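In what follows, a structure is listed as C-alpha cells, so that the remarks can point back to it.
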Amino acid sequence: MPPTVQSPLIWALNDRLRKAHDVQDHTRPAYLAETRYYRREAPDAFNAHEDSLDVLDREIELLKLTLEAIIGERERAEARHNRRLNAGSIVESRLPPEILAHVFSVGVDPFDTSFPLLVSSVSKHWRDVALRTPELWQFFRFQFSTPVEMLAAWLERSKACWFDFELQVDDCPGFGAEDCRTAMEIVRPHLPRCRRLTLSVYDRECAQAVLLQCQGVTAPLLENLDVSLWDVAGGDQVNEACTIFEGGTPQLASLTTTGVSLNWDDSLFSGLTHLVIKGVPERKCPTLRQMCSILGKSPSLESLELRGAGFAASEEVRAGDGGDGNTYALFPAALPRVHLPAIQTMTLREIPSEFSSPLIASITAPALEILVAETESIMDDVSSMMLNIGYQFTSLRRLTLCGGRYSVPTCVDMLRNLGDLETLRLDGCSAHVLSELSSSGRSNLGWLCPQLKYLTLSSSHDLPASQVLNLVRSRLNSRGASKLMVLAVDASCQISSADREWLERHLLIFSQTKSNTVLF
23 MPPTVQSPLI WALNDRLRKA HDVQDHTRPA YLAETRYYRR EAPDAFNAHE DSLDVLDREI
83 ELLKLTLEAI IGERERAEAR HNRRLNAGSI VESRLPPEIL AHVFSVGVDP FDTSFPLLVS
143 SVSKHWRDVA LRTPELWQFF RFQFSTPVEM LAAWLERSKA CWFDFELQVD DCPGFGAEDC
203 RTAMEIVRPH LPRCRRLTLS VYDRECAQAV LLQCQGVTAP LLENLDVSLW DVAGGDQVNE
263 ACTIFEGGTP QLASLTTTGV SLNWDDSLFS GLTHLVIKGV PERKCPTLRQ MCSILGKSPS
323 LESLELRGAG FAASEEVRAG DGGDGNTYAL FPAALPRVHL PAIQTMTLRE IPSEFSSPLI
383 ASITAPALEI LVAETESIMD DVSSMMLNIG YQFTSLRRLT LCGGRYSVPT CVDMLRNLGD
443 LETLRLDGCS AHVLSELSSS GRSNLGWLCP QLKYLTLSSS HDLPASQVLN LVRSRLNSRG
503 ASKLMVLAVD ASCQISSADR EWLERHLLIF SQTKSNTVLF
C-alpha cells in the first residue's frame, strides 16, 4: 500500500496514540506537583525502594563474611581433633571407665545380661573399658542353657561390687539337682556381697541342692530374697525345713518364699518391710504363734501376703474357743499382740478363717489401707473375721472379701466402723446390705461407708435391680456421702437396657460380669 494512503486501521491507531499523548501532557504537571508534595512530606516512602537494593547487598556481604568465619572455625576444629587423635588423647580415653561403660545404657534394660556383652563387642577399646568396669557385671541370670563358665567369669568381673543373682530353672530334661548344685557352688563364695538373690527351681531335689549352698554362710548385704519351689508335677513336693544364712542378713528387707519350708523361728524373719509366704503345705506352714512371732520381729513391715490353704489354727488356740467354735477368733488369748505401725497392705488369699481371724485380732495396724481376705471354701464362716476387721482396721480405704459365709448384721457392723473406706468388693452381698448402703440408716449413726466410691458386689442370690438403682440414686443425691463412681455387679442381676443406660450415664464405669472382675 502506498505510504501516502492511510488505511482505516492505521488511522485509528494514530488517533489513539495522539489522544494518549494529549492525556500524558495534561496529567504530567499535576502528577509531578503531587509527587514533589509527597516527597517533601513523606520522603521515606519514596526513598525505601531506592535503599532496598543497598540493604540486600550489605546483607549478602555480611553473610559471606559469616560463612568464611564458620568455615575457618571448622578447619581449626578439625585440625585440633586430628592433633588429639594422633596424640591418643581423645575424650574416650580421658573419661573414667565407670562413666564410659554406661554410654550405651540409654534405652537398655538394666537387668539385661546382654548389656555388658554389647559394650564388650563394640571394639577392643570398649572391651577394655567393660572389663575394667565391675559395675557392668552386677546382674546375672542363670538358666538351664547358661554355661557355668560364663557364671564364673561374670562373678570374677564384678570384682568386689555388690551383685544381683537369679537362678531360674524350669523343668528341662538333662538339667537337674547336680547342675543347680554346681552353679550354687560357684556363687557361694560371693554370697557375702550379694544384694538381691532369686532362687526359682522346679522340684524338691533342686531346692535341697540350692538351699544347702545357702547354709553356713552369711549375706550381710542381702536386701531382697526370693526362694521359690514350683511343683510342676502337681505332687506334694516340699523340702525339709532348713536354716539359711545363719542369721547373717542384717540388711534383709524383702523376703518371698513360695512352696519352700524354712525355719520359721530363724532370725531371717526379722527387720523386714515386705513379706510373702505362699504355697506351703499345712504340715510345713508357720503356726499362728510362729506367724505372730515373725510379725513381732518386723515392726517396720509395710506389706504382708499369705497364700495357701496350708495355714491353719493350732490345737492350742482352738482349745480356747469356749466350745462355740468361734470365740477363739475374737479373743485369741493364747496369741501375743503384734503392733505394726507402718503396714499399709495385707493380703490373705485362700486362708481359712480359723487362721486369718485370730491373726487379724492379734494385729494392731493404725496405718493399714488395703486388705484382701479370700477364703477357698464358700462354707467357711467368716463372721468373726469380719468383726475383727471392723474392730482392728478402722483406717482401711480398700477392702476385698471373697468367699465364705457371714451374717448380715455382722457385715453391717463391720462396714459401720470403716468410715474411710473408698473401695469395697464384697461376695455374698444381700439385699439388706444394699439397703443399708443406700440410706443414712439410723439418724444417730449416719451413712454406712460415707466415702465409698468404688463398689463390686456379687451374691449367691440375684440382686434386685431396684435395689441397685436405689443405691446409685441415693449416693448421687446425698450430701452426707461421696458420689459412687464405679459399680460392678453380677450378670445375673436383671437390669433393663433403659436402667443400664441410666447407670452408664451417671457412673464413671458400670459393669456386669460373671466373674466379678475388679475394675479398680
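Just so we're aligned, residue 23 is where the sequence shown starts under our numbering, counting upward by one. By construction, the Cβ of each residue, glycine as well, lies at the ideal position given by its N, Cα and C atoms. Since this is a predicted model, take the numbers as computed values, not measurements.
{"Query": "Measure the alpha-carbon distance for Asn-348 versus Gly-412 and round it to whole angstroms.", "Result": "Any reading at Asn-348 is ruled out, since the residue's pLDDT is 46, under 50, leaving its predicted position unreliable."}
{"Query": "Give the single residue among Ser-320, Glu-458, Gly-502 whose Cα lies nearest to the Cα of Gln-473.", "Result": "Gly-502"}
{"Query": "Can you tell me which of Ser-417, Glu-178, Glu-458 puts its alpha carbon nearest to the alpha carbon of Val-432?", "Result": "Val is not the amino acid found at residue 432; the sequence shown has Thr there. Thr-432 has its Cα closest to that of Glu-458, out of Ser-417, Glu-178, Glu-458."}
{"Query": "Along the chain, which unbroken stretches of the beta strand (DSSP E) at least 3 residues long are found entirely within the segment 397 to 455?", "Result": "420 to 424, 445 to 448"}
{"Query": "Evaluate Met-401 with the Cβ neighbour count: other Cβ atoms within 10 Å of its Cβ, from every protein chain shown; 16 or more gives buried, anything less gives exposed.", "Result": "exposed"}
{"Query": "Does the count of Cβ pairs from the segment 278 to 288 and the segment 234 to 249 closer than 8 Å reach three?", "Result": "yes"}
{"Query": "Could you compute how far the alpha carbon of Pro-156 sits from the alpha carbon of Asp-186?", "Result": "13 Å"}
{"Query": "What span of residues does the beta strand (DSSP E) with Gln-190 cover, start to end?", "Result": "185 to 190"}
{"Query": "On a Cα-Cα basis, can you pick out the residue from Asp-76, Ser-142, Val-141, Tyr-224 that is closest to Phe-166?", "Result": "Tyr-224"}
{"Query": "Excluding the 5 residues preceding and the 5 following Met-507 in the sequence, name in chain order all residues of the same chain whose CB lies nearer than 6 Å to its CB.", "Result": "Lys-475, Leu-530"}
{"Query": "Indicate the three-state DSSP secondary structure (helix, strand or coil) for Ala-395 in the structure shown.", "Result": "strand"}
{"Query": "Would you grab the beta carbon distance between Arg-179 and Trp-159 for me? Rounded to a whole angstrom, and I think it's under 8 Å.", "Result": "4 Å"}
{"Query": "For a quick check, are the C-beta atoms of Leu-323 and Leu-284 less than 8 Å apart?", "Result": "no"}
{"Query": "Helix, strand or coil for Arg-98, going by three-state DSSP, please let me know.", "Result": "helix"}
{"Query": "Name the DSSP beta bridge partners of His-103, please?", "Result": "His-103 is not bridged to any residue."}
{"Query": "Where do the ends of the alpha helix (DSSP H) carrying Ala-544 lie?", "Result": "With the chain covering only 23 through 542, there is no way to say anything about residue 544."}
{"Query": "So, is Ala-93 buried or exposed, given that buried needs 16 or more other C-beta atoms within 10 angstroms?", "Result": "Position check: residue 93 holds Ile in this sequence, whereas Ala was assumed. With fewer than 16 other Cβ atoms within 10 Å, it is exposed."}
{"Query": "For His-212, count neighbouring Cβ atoms within 10 angstroms of its own Cβ and tell me buried if that reaches 16, exposed if not.", "Result": "buried"}
{"Query": "I'd like the span of the alpha helix (DSSP H) that includes Asp-201, first residue to last.", "Result": "199 to 209"}
{"Query": "Which of the three DSSP states, helix, strand or coil, is assigned to Asp-512?", "Result": "strand"}
{"Query": "Just to check my reading of the structure: Phe-377 and Leu-477 have Cβ atoms closer than 8 Å, yes? What is that Cβ distance to the nearest angstrom?", "Result": "Actually they are not in contact, since the Cβ atoms of Phe-377 and Leu-477 sit about 28 Å apart, beyond 8 Å."}
{"Query": "For the segment 363 to 371 against the segment 316 to 330, are there 3 or more C-beta pairs whose distance is under 8 Å?", "Result": "yes"}
{"Query": "Quick one: Cα of Asp-557 to Cα of Ala-91, how far?", "Result": "The shown model of the chain, from 23 to 542, leaves out residue 557, and the question about it has no answer."}
{"Query": "In the segment 147 to 186, which residue ranges form an unbroken beta strand (DSSP E) of at least 3 residues, counting only runs that do not cross its ends?", "Result": "161 to 164"}
{"Query": "Going by beta carbon distance, what residues of the same chain come within less than 7 Å of Ser-289, once the five residues before and after it are set aside?", "Result": "Gly-269"}
{"Query": "Identify the residues that DSSP records as bridge partners of Thr-478: which are they?", "Result": "Arg-447, Ala-510"}
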